[in-house]
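This note's numbering puts the first residue of the sequence shown at 46, with every later residue one more than the last.
Cβ coordinates follow ideal geometry from the N, Cα and C atoms, glycine included.
Structure first, commentary second.
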Amino acid sequence: MTAHAELAHYRKTPPTASSTPTAPSTPSTRIDRPRPGDGRLLWRLARDSGTLDLNSAYSYLLWCRDFAGTSAVARDASGRAVGFVSGYLRPESPGTLLVWQIAVDESVRGLGIAGALLDDLSARVAAEHGLSSLETTISPGNLASERLFASYAARHGATLTREVLFAPEEFPDRGYAPEVLHRIGPLHF
Numbered sequence: 046m047t048a049h050a051e052l053a054h055y056r057k058t059p060p061t062a063s064s065t066p067t068a069p070s071t072p073s074t075r076i077d078r079p080r081p082g083d084g085r086l087l088w089r090l091a092r093d094s095g096t097l098d099l100n101s102a103y104s105y106l107l108w109c110r111d112f113a114g115t116s117a118v119a120r121d122a123s124g125r126a127v128g129f130v131s132g133y134l135r136p137e138s139p140g141t142l143l144v145w146q147i148a149v150d151e152s153v154r155g156l157g158i159a160g161a162l163l164d165d166l167s168a169r170v171a172a173e174h175g176l177s178s179l180e181t182t183i184s185p186g187n188l189a190s191e192r193l194f195a196s197y198a199a200r201h202g203a204t205l206t207r208e209v210l211f212a213p214e215e216f217p218d219r220g221y222a223p224e225v226l227h228r229i230g231p232l233h234f
């Protein structure tokens with residue numbers, strides 16, 4: 046598909062992914078706020094995901110310090126980080142949580158940890174700040190992420206809309222696909 050065709054396909058189209066609810070995480074997994082020392086672990090999870098744009102290790106350290114209130118980490122029974130979600134409240138729309146990245150270690154994928162991370166984080170943000178909508182961007186073809194966020198919208202009885210947020214020509218280098226904004230709301234907690 047050409048970039049122009051991708052843009053046309055993603056302009057305000059309804060989701061096509063399945064709305065099957067995500068399974069609960071394993072009983073031995075706990076979700077909490079990241080700590081600055083988790084930054085290196087989250088950087089490794091992002092690197093090993095194979096799909097996320099990898100930011101500098103320093104940025105993950107800062108994220109765990111400055112955005113811990115709008116991020117979450119999943120830990121296994123030994124306390125090892127096996128997943129994370131990072132996000133922030135949009136300054137122009139403080140009731141909107143923008144999910145920046147979400148990753149789960151390959152060894153525990155398929156157990157519902159990504160869905161549990163989103164549910165836990167959004168409930169915590171709603172209780173502490175108020176939350177009316179959730180946004181994320183997904184590159185075309187990332188079906189796992191499309192299914193994850195469609196499932197989240199279905200579990201929360203919310204509408205999911207999509208539109209191109211950043212077209213390929215807006216990036217400084219060639220080869221970027223459009224970033225498609227997925228907006229979920231209204232949310233009620």
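For this session: State the DSSP-derived secondary structure class of Gly114, mapped to helix, strand or coil.
Result: By 1-based counting over the sequence shown, the position of residue 114 is 69. Here Gly114 carries a helix assignment [DSSP, helix/strand/coil].
Exercise. Which of helix, strand or coil does DSSP assign to His174?
Worked result: Along the sequence shown, one-based indexing puts residue 174 at 129. Residue state, collapsed to three classes: helix.
Exercise. Where does Ala148 fall in DSSP's three states?
Worked result: Taking the first residue of the sequence shown as 1, we reach residue 148 at position 103. Here Ala148 sits in strand by DSSP.
Exercise. Buried or exposed: which applies to Phe234, given that a residue is buried once 16 or more other Cβ atoms fall within 10 Å of its Cβ?
Worked result: By one-based count along the sequence shown, residue 234 stands at place 189. The residue in question, Phe234, is exposed, as its Cβ has fewer than 16 Cβ neighbours within 10 Å.
For this session: Return yes when the Cβ of Leu205 is within less than 8 angstroms of the Cβ of Gly160, no when it is not.
Result: By one-based count along the sequence shown, residue 160 stands at place 115. By one-based count along the sequence shown, residue 205 stands at place 160. No, these two residues do not count as a Cβ contact at 8 angstroms.
Exercise. With distances taken from CA atoms, which of Phe129, His201, Asn187 is nearest His150?
Worked result: As a first step, residue 150 is located in the sequence shown; it is residue number 105 there, counting from the start. A small fix is needed here, since residue 150 is Asp in this sequence, not His. For the options Phe129, His201, Asn187, the alpha carbon positioned closest to that of Asp150 is the one of Phe129.
For this session: Enumerate, from N- to C-terminal direction, the unbroken beta strand (DSSP E) stretches of 3 or more residues contained entirely within the segment 197 to 229.
Result: 204 to 211
For this session: Less than 8 angstroms between the CB atoms is what I'm expecting for Ser196 and Leu232, so what's the real figure, rounded?
Result: One-based indexing of the sequence shown puts residue 196 at position 151. One-based indexing of the sequence shown puts residue 232 at position 187. Not a contact, Cβ separation roughly 14 angstroms.
Exercise. CA-CA distance, Pro136 and Leu143?
Worked result: As a position in the sequence shown, residue 136 is number 91, starting the count at 1. As a position in the sequence shown, residue 143 is number 98, starting the count at 1. A straight line joining the alpha-carbon of Pro136 with that of Leu143 spans about 10 angstroms.
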